[in-house]
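Engineer:
Number of protein chains: 4
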Amino acid sequence: MNIDLNSDLGESLGAWRMGDDDAMLDIVTSANVACGFHAGDPAGILATLKAAAARGVAVGAHVAYPDLVGFGRRAMDIASADLVAGVIYQIGALRGLAATTGARVRYVKPHGALYNTIAHDARQARDVIAAIRAADPELALVALAGSPLVGWAREAGLRVVSEAFADRAYTAQGTLVPRGQPGAVLHDPAQVAARMLRLVREGVVEAIDGSLTRVEAESICVHGDSAGAVAMAAELRRVLHDAGVGLRAFA
Amino acid sequence: MNIDLNSDLGESLGAWRMGDDDAMLDIVTSANVACGFHAGDPAGILATLKAAAARGVAVGAHVAYPDLVGFGRRAMDIASADLVAGVIYQIGALRGLAATTGARVRYVKPHGALYNTIAHDARQARDVIAAIRAADPELALVALAGSPLVGWAREAGLRVVSEAFADRAYTAQGTLVPRGQPGAVLHDPAQVAARMLRLVREGVVEAIDGSLTRVEAESICVHGDSAGAVAMAAELRRVLHDAGVGLRAFA
Amino acid sequence: MNIDLNSDLGESLGAWRMGDDDAMLDIVTSANVACGFHAGDPAGILATLKAAAARGVAVGAHVAYPDLVGFGRRAMDIASADLVAGVIYQIGALRGLAATTGARVRYVKPHGALYNTIAHDARQARDVIAAIRAADPELALVALAGSPLVGWAREAGLRVVSEAFADRAYTAQGTLVPRGQPGAVLHDPAQVAARMLRLVREGVVEAIDGSLTRVEAESICVHGDSAGAVAMAAELRRVLHDAGVGLRAFA
Amino acid sequence: MNIDLNSDLGESLGAWRMGDDDAMLDIVTSANVACGFHAGDPAGILATLKAAAARGVAVGAHVAYPDLVGFGRRAMDIASADLVAGVIYQIGALRGLAATTGARVRYVKPHGALYNTIAHDARQARDVIAAIRAADPELALVALAGSPLVGWAREAGLRVVSEAFADRAYTAQGTLVPRGQPGAVLHDPAQVAARMLRLVREGVVEAIDGSLTRVEAESICVHGDSAGAVAMAAELRRVLHDAGVGLRAFA
C-alpha cells in the first residue's frame, strides 16, 4: 500500500513569506509549486524547486488565475484563449526553472478558484485539459476525487490523479462539505491521521452524517500555512508510515 | 552576403495593441517576442508565436525587467537572484508557448533598460549570461555591437550575435549617439537603407561626424511601432534584397 | 431640452495608447476617467484630467475590478471588503489627481464587468453603493437605464444618472440586446444620431423588434476607441446641437 | 520633552501578512501606512487605518515606487511625470480611505528605495516635494535627519520632520552606517532605548567610532516586522515614558 502526500509550496512573494516550505518538503512526496500567477516570484520559486530537488520530492505546476492580490481564490470569467495560453505559460516557466535544478515538472494541479471551477465547469475544464496536453501530454492532472473533471480529463487522454483532503469533512456522496458549513474543516491531527489511514487501507472515509463513503484517491493534500498545519501533516505522515503505508510520489 | 533583420514583437497587452506584428513578420527574419515582464500577455504572445511559425521566422525571448507600467524602460537595481531567476522564468514561459506552435526559441535579446544596462554593467551582464546558460547553453545572445557585453558573453561560452540599429546614428567610436542628442534618430528610409547596405557590404557606417566607423553586426534591428517604422523596415528589406543580400535568420 | 454625453477616457497605460482623449474631450460633456485598476497609469490619468479641466468637461471616476490584463472586463467573485475598499481607493486616487487640476470628481461610473454585474447583482451593487456613500455622498452614480441598480442606489440616497448607449440596440423591454446577438451593435452614425435625438425628445427608442420602448436617460454613452467611433460621437453631437438640444454635464 | 515614534504599517498584501499592526499601533504615535505601490491592498490598508483611528494614532502616506515584487526596495530610474503623479495618486487613495475612518492623512514618508534616493538625489527629491505640495501643502514630510532633502523641502515651503532610526548605528558625521557594514544594525533593546533617550534629551547619539554626533530628530522610526522588533519598540516606548518623555505625534 502506497500513497502520495502533496502540498502547495513556493507561495511566498518577494518580501512576503507564506508557509514553511522546508518543513513541508520533509513531509510530502509531491510539491505543488506556485508559478507566479497567484503567488511566487521567480527567485522564490527557484529556491523552493532547489529544496524539493535536494530531497527528491516530485514537482508539479500549481497553475492559477492571474490574480496576485486575490491569491487566485476569486472565481474569474476568463476567456478560453487567455486560460489556455496562461496555463501553458505557467507550466513553461516552471519547467524552465525546474530544469536548472535537474528536476522535471511531473504534473499539474490547478489552484484555488481555478481548481474549484474546473472540477465542475466543462468549458474551463476543457481549456485546462487542452493546455496541459499542448504543453506535455505526459503531465498528470491532480483533480478532486469524484469530480466530473476526473472523467473529462481521462477521456481526453490525460493521466488523472485523484486526491483527498486530509483536513476536510466529506458528505455521504463523497463530495467535500463546503467550507462555510459547520464541521467542514477538521482540526484534530489524530482524527485526521486515522481517517486518512482508513482511506488508504479501505478506500472509504466516514462522512459527516456518520455513513461510510467511498473516495478513490492516489494522493492526499495537506496544508502548511500555519505551525498547526505543519504539525498535522507531520502526524499524518508518521501514522501512515508506522502503519506500513509507503509514502511515494505518484509520478 | 547574408544579414538578419530582427524586431520587437508580441508587445500588445490585453486590450492594448502595440505595433503591427503581422506586417513586421513579413519583413523580418527574427522576432524578439515579449515574455510578459515588460509587455505581452500569454494569449497575445501565443498569437505572435503562431504567426511567426507560419512564416518560418526565427523566435527569440525578449526578456526584460518586471515593469509593465514602465514598459521595461526604467533602469532598476535588481538583485542577482531576482534577475537570474526572472530571465530563466521568461525564457521557460516563452519556450513552453513556442513549443505548442512547433517552434523553438533560438536566442535571447534583452529589452529596454535591461539591454542598455547589461551592455556595460558587469554584474547584471553576468547574471543574464548565467541565466541563459542555465536555461539552455545553445541559446544565442543578441547584443549591442561593440559593447563590453559581447566579450563577456563570448568568454562565458555563449554564442553572441552583434546587432546594429537601422535608424540610429553612430559616433566615430562605433557607439550609438544617445537618443537625446540632435541627429540621434534617422527618419529617411532611403538613407537608412543605404547605410545598412554599406554596413552589410563593407562593415562600416558613416558616423555622425562624417568619418567611417567599423560596426560588426550579424543582425539589424528594425522597429514596427508606427506606420512609418513599418514602411522604413520594408524599404530596408527591399533595398537589401535588390542588392543581392540574403535575408536569413542567424539562428 | 438638455442631455449629457459621456465617454470612457484615460485608458492608456504606460507605453500603450487607447483612444483619442483629446478628440473625445471636444465632443463629450462628462469624462469617465480610469482610476488605475482596469487601465490608466497616474501620469496618463493626470494628463487626461488636465485636458478635461481645460475644456470644462465634468469628471467621473471610472472604477473597476483590479484586472489590468483583462481590462476589467472579466466578471470576478470579489469579496465585499475588497470591493468596498477598492472603490473608495480608486475614487480617492482620482480625486487627489483631479484636485491638482482645479477640478472635482462629480460622479462614479463603474466599468466593464463591474458595471454589468452590479446592474443586477444585489450584493456587489450594495458594496459599490456603500463605497460611494462612504467616499462622498454627493457623488452621483451613472447606471444602466432600467436596471435594478437604479432603484437600489436611489433607495440608498444616491443621486442616480441613468444612461443610454448610443450604438446599442434595445429589446422591447428596454434592456440592451446582448453583444453576441445579431444587430446588437449599431454602426451607422446617421441612424445612431436619429435614435438618440428621438430618445432625448420623446424618451423612447425603437427596439430591435420594431416596437417603441421607453428609456429614461440623463446621459448618453459614446465610445472613442476607434476613428469610426470618434466620428460617430461627433456626428451625434452635431445632430443634437443642430436640433437645439443643449449639451450639458448632468453634474 | 516630547518625541514621536513612527513605524511602517499596512504592509500586508491580500493573503500575505507582514508585521503585527495591532501590536505596533499600541506603541507608536504615527503610522506610515502603505498606499498600494510597494505593499498594501485596499481592504488591508483600510483595516490598518481603522485600527489607527481607534487608537488616535496619526496617519501618514508611505508612498513608494510602483514595485510590489521588489517591495519598493529597488532603486528605479522613474520619469518625473510618473513620480509626481504616482505620489499624488497614492496620497489621494490613502486620504480617501482615511476619511472614511474619520482621520486625516497628516504627513508623507517615502518608502524604501524612494526614501533613500530622494535623501540625496535632487531631481527625484524635487518631484516628490512638488507632488506633496500639489496634493496638500499642509502635509509634513518625514525625512532622514541630516540629509540634503531636509533643506530642499524646507526651502520649498514644506514642513519637514527629521527622523532618527532606533536600531541603526551612526557615523561621526551623523549619517547612517550603511547596512552592509559591521555594526550597522543594533540588536540590544536596552542599548537602543538608552541611545534614543539620550538623543531626545541631549540631541546626540554615540557614533560608531565612539564620538558623539548631533542628530536633530522630531521622530524616531521603529520596526515591527518580527517579534523581536516589536519587543524592541515596546522597550523603547517604556524607557522613554518612564524617563518622563512625552510620546506625541508631531502632527
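Residue numbers (my numbering), protein chains in the order written: chain E, 293 to 543; chain W, 293 to 543; chain C, 293 to 543; chain Y, 293 to 543. Built from N, CA and C at the ideal position, the CB exists for glycine as well.
1. Relative to the alpha-carbon of Gly388 (chain Y), which residue among C:Ala377, C:Arg398, C:Ala395, C:Thr392 has its alpha-carbon at the smallest distance?
2. Note down, in chain order, every chain E residue with its Cβ under 7 Å from the Cβ of Phe363 (chain Y).
3. Val452 (chain W) lies in the beta strand (DSSP E); which residues open and close that run?
4. If contact means a Cβ-Cβ distance below 9 Å, which residues of the segment 467 to 483 of chain Y contact chain W?
5. Could I get the ranges of all uninterrupted beta strand (DSSP E) runs contained in the segment 300 to 368 of chain C, with 3 residues as the minimum, in chain order?
6. Of the choices W:Val469, W:Glu510, W:His533, whose alpha-carbon is the least far from that of Phe542 (chain W)?
7. Would you verify that the beta carbon of Ile370 (chain Y) is, or is not, closer than 7 Å to some beta carbon of chain W?
8. For the alpha helix (DSSP H) containing Ala485 (chain C), name the first residue and the last one.
9. Can you list the residues of chain E that Thr392 (chain W) reaches, using a CB-CB cut of under 8 Å?
10. Look at the alpha carbon of Gly311 (chain C) and the alpha carbon of Leu338 (chain C), and state the distance between them as a whole number of angstroms.
11. Measuring straight from C-alpha to C-alpha, what distance separates Leu436 (chain W) and Ala411 (chain W)?
12. Can you look up Ile424 (chain C) in the DSSP assignment and give me helix, strand or coil?
13. Does Ser511 (chain C) come out as helix, strand or coil in the three-state DSSP assignment?
14. Under three-state DSSP, which class holds Glu498 (chain Y)?
15. When burial is assigned at 16 or more other CB atoms within 10 Å of the CB, is Ala485 (chain Y) buried or exposed?
16. Would you list the one or two residues that DSSP bridges to Ile295 (chain Y)?
17. Decide if Pro429 (chain W) is buried, meaning its Cβ has at least 16 other Cβ atoms within 10 Å, or exposed.
18. If you draw a straight line from the C-alpha of Gly364 (chain Y) to the C-alpha of Tyr407 (chain Y), how long is it?
19. List, in chain order, every chain W residue whose beta-carbon is nearer than 7 Å to that of Asp333 (chain C).
20. On the premise that Gly495 (chain Y) lies in contact with Met293 (chain Y), defined as a C-beta separation below 8 Å, what is that separation, rounded to the nearest angstrom?
21. Quick check: the Cα distance between Ile383 (chain C) and Ala353 (chain C), rounded to an integer number of angstroms?
22. Which chain C residues sit within Cβ distance under 8 Å of Met310 (chain W)?
23. Using C-beta distances below 6 Å, list every residue in its chain close to His254 (chain C), excluding the 5 sequence neighbours before and after it, in chain order.
24. Applying a beta-carbon distance threshold of less than 7 Å, which residues of chain E neighbour Arg366 (chain C)?
25. Which of helix, strand or coil does DSSP assign to Asp375 (chain W)?
26. Using 10 angstroms around the beta-carbon of Arg529 (chain E), count the other beta-carbons present and answer buried if the total reaches 16, otherwise exposed.
27. Counting only beta-carbon atoms, is Pro402 (chain Y) nearer than 7 Å to chain W?
28. Does DSSP put Arg415 (chain W) in a helix, a strand or coil?
29. Pairs of beta-carbons, one from the segment 388 to 397 of chain W and one from the segment 325 to 341 of chain C, closer than 8 Å: are there three or more?
30. Does the beta carbon of Pro358 (chain C) sit closer than 7 Å to a beta carbon anywhere in chain E?
31. Please classify Leu436 (chain Y): does DSSP put it in a helix, a strand, or coil?
32. Output yes or no for whether 7 Å exceeds the beta carbon distance between Leu301 (chain C) and Asp314 (chain C).
33. Let me see if you follow: with CB-CB separation under 7 Å, is Arg387 (chain W) close to chain E or not?
34. Can you tell me where the beta strand (DSSP E) with Leu504 (chain C) in it begins and where it stops?
35. Could you give the distance in angstroms between the alpha-carbon of Pro470 (chain C) and the alpha-carbon of Ile421 (chain C)?
36. Label Gln465 (chain E) either buried or exposed according to how many other C-beta atoms from any shown protein chain fall within 10 Å of its C-beta, with 16 as the threshold for buried.
Structural biologist: Straight from the coordinates:
1. One-based indexing of the fourth sequence puts residue 388 (chain Y) at position 96. Ranking the options by Cα distance to Gly388 (chain Y), first place goes to C:Ala377.
2. On the fourth sequence, residue 363 (chain Y) is found 71 positions in, with the first residue counted as 1. Residues of chain E with a Cβ closer than 7 Å to the Cβ of Phe363 (chain Y) are, in chain order, Gly306, Ala307.
3. For the purposes of this step, residue 452 (chain W) is taken as the residue at position 160 of the second sequence. Where Val452 (chain W) is concerned, the enclosing beta strand (DSSP E) stretches over 451 to 457.
4. Those residues of the segment 467 to 483 of chain Y that come within reach of chain W (Cβ to Cβ, closer than 9 Å) do not exist; the list is empty.
5. Entirely contained in the segment 300 to 368 of chain C, the beta strand (DSSP E) runs reaching 3 residues are, in chain order, 322 to 326, 350 to 354.
6. Stepping through the second sequence from its first residue, residue 542 (chain W) is reached at position 250. Of W:Val469, W:Glu510, W:His533, the residue nearest in Cα terms is W:Glu510.
7. Translated into positions along the fourth sequence, residue 370 (chain Y) becomes position 78. Look at Ile370 (chain Y): its C-beta is under 7 Å from a C-beta on chain W.
8. Numbered from 1 along the third sequence, position 193 holds the residue referred to as residue 485 (chain C). First-last of the alpha helix (DSSP H) with Ala485 (chain C): 481 to 494.
9. Looking up residue 392 (chain W) in the second sequence gives position 100. Within chain E, the residues Ile380, Ala426, Ala427 have their CB atoms less than 8 Å from the CB of Thr392 (chain W), given in chain order.
10. As a position in the third sequence, residue 311 (chain C) is number 19, starting the count at 1. As a position in the third sequence, residue 338 (chain C) is number 46, starting the count at 1. Inter-residue distance for Gly311 (chain C) and Leu338 (chain C) is about 16 Å (C-alpha atoms, whole angstroms).
11. Here residue 436 (chain W) refers to the residue found at position 144 when the second sequence is read from its first residue. Here residue 411 (chain W) refers to the residue found at position 119 when the second sequence is read from its first residue. If I take the Cα positions, the gap works out to 7 Å.
12. Working through the third sequence from its first residue, we reach residue 424 (chain C) at position 132. Helix.
13. Taking the first residue of the third sequence as 1, we reach residue 511 (chain C) at position 219. Looking at Ser511 (chain C) - three-state DSSP - the assignment turns out to be strand.
14. The residue you call residue 498 (chain Y) lines up with position 206 of the fourth sequence. Under the three-state reduction of DSSP, Glu498 (chain Y) is assigned to strand.
15. Numbered from its first residue, the fourth sequence carries residue 485 (chain Y) at position 193. Answer is buried; the Cβ neighbour count reaches 16.
16. Locating residue 295 (chain Y) in the fourth sequence gives position 3, where the first residue counts as 1. According to DSSP, which records beta bridges pairwise, Ile295 (chain Y) is partnered with Y:Leu539.
17. Counting from one through the second sequence, the residue named residue 429 (chain W) turns up at place 137. Residue burial is scored here from C-beta neighbours: Pro429 (chain W) has fewer than 16 other C-beta atoms within 10 angstroms and is therefore classed as exposed.
18. By one-based count along the fourth sequence, residue 364 (chain Y) stands at place 72. By one-based count along the fourth sequence, residue 407 (chain Y) stands at place 115. Straight-line Cα distance between these residues: approximately 10 Å.
19. Mapped onto the third sequence, residue 333 (chain C) falls at position 41. The CB of Asp333 (chain C) comes closer than 7 Å to the CB of Val361 in chain W, given here in chain order.
20. Mapped onto the fourth sequence, residue 293 (chain Y) falls at position 1. Mapped onto the fourth sequence, residue 495 (chain Y) falls at position 203. So it is not a contact: roughly 11 Å between Cβ atoms.
21. The residue given as residue 383 (chain C) occupies position 91 in the third sequence. The residue given as residue 353 (chain C) occupies position 61 in the third sequence. Taking the straight line from one Cα to the other gives about 6 Å.
22. Residue 310 (chain W) sits at position 18 when you count from the first residue of the second sequence. In chain order: Ala307, Trp308.
23. Limits of chain C in this structure are 293 at one end and 543 at the other, which puts residue 254 (chain C) out of reach.
24. Taking the third sequence and counting its residues from 1, one reaches residue 366 (chain C) at position 74. Those are Met368, Asp369, Ile370, listed as they occur along chain E.
25. For this step, residue 375 (chain W) is matched to residue 83 along the second sequence. In the sequence under discussion, the amino acid at residue 375 (chain W) is Leu, which differs from the Asp named in the question. In the displayed model, Leu375 (chain W) falls within a helix according to three-state DSSP.
26. In the first sequence, residue 529 (chain E) corresponds to position 237, counting from 1. Classification of Arg529 (chain E): buried, given that the 10 Å Cβ count is 16 or more.
27. For the purposes of this step, residue 402 (chain Y) is identified with residue 110 of the fourth sequence, where counting begins at 1. No, Pro402 (chain Y) lies away from the interface with chain W (no Cβ there is under 7 Å from its Cβ).
28. Counted from its first residue, the second sequence places residue 415 (chain W) at position 123. In the structure shown, Arg415 (chain W) sits in a helix (DSSP, three-state: H, G or I).
29. Contact between the segment 388 to 397 of chain W and the segment 325 to 341 of chain C is absent, because fewer than three Cβ pairs lie under 8 Å.
30. As a first step, residue 358 (chain C) must be located in the third sequence, where it is residue number 66. With 7 Å as the cut-off, Pro358 (chain C) counts as an interface residue toward chain E.
31. As a first step, residue 436 (chain Y) must be located in the fourth sequence, where it is residue number 144. In the structure shown, Leu436 (chain Y) sits in a strand (DSSP, three-state: E or B).
32. Here residue 301 (chain C) is taken as the residue at index 9 of the third sequence, counted from 1. Here residue 314 (chain C) is taken as the residue at index 22 of the third sequence, counted from 1. No, they are not a contact pair.
33. Position 95 of the second sequence, counting from 1, holds the residue named residue 387 (chain W). Chain E, which has a Cβ nearer than 7 Å to the Cβ of Arg387 (chain W), makes this yes.
34. Along the third sequence, read from residue 1 onward, the residue named residue 504 (chain C) stands at position 212. The continuous beta strand (DSSP E) containing Leu504 (chain C) extends over residues 504 to 506.
35. Counted from its first residue, the third sequence places residue 470 (chain C) at position 178. Counted from its first residue, the third sequence places residue 421 (chain C) at position 129. Cα-Cα distance, rounded: 25 Å.
36. By 1-based counting over the first sequence, the position of residue 465 (chain E) is 173. Gln465 (chain E) comes out exposed.
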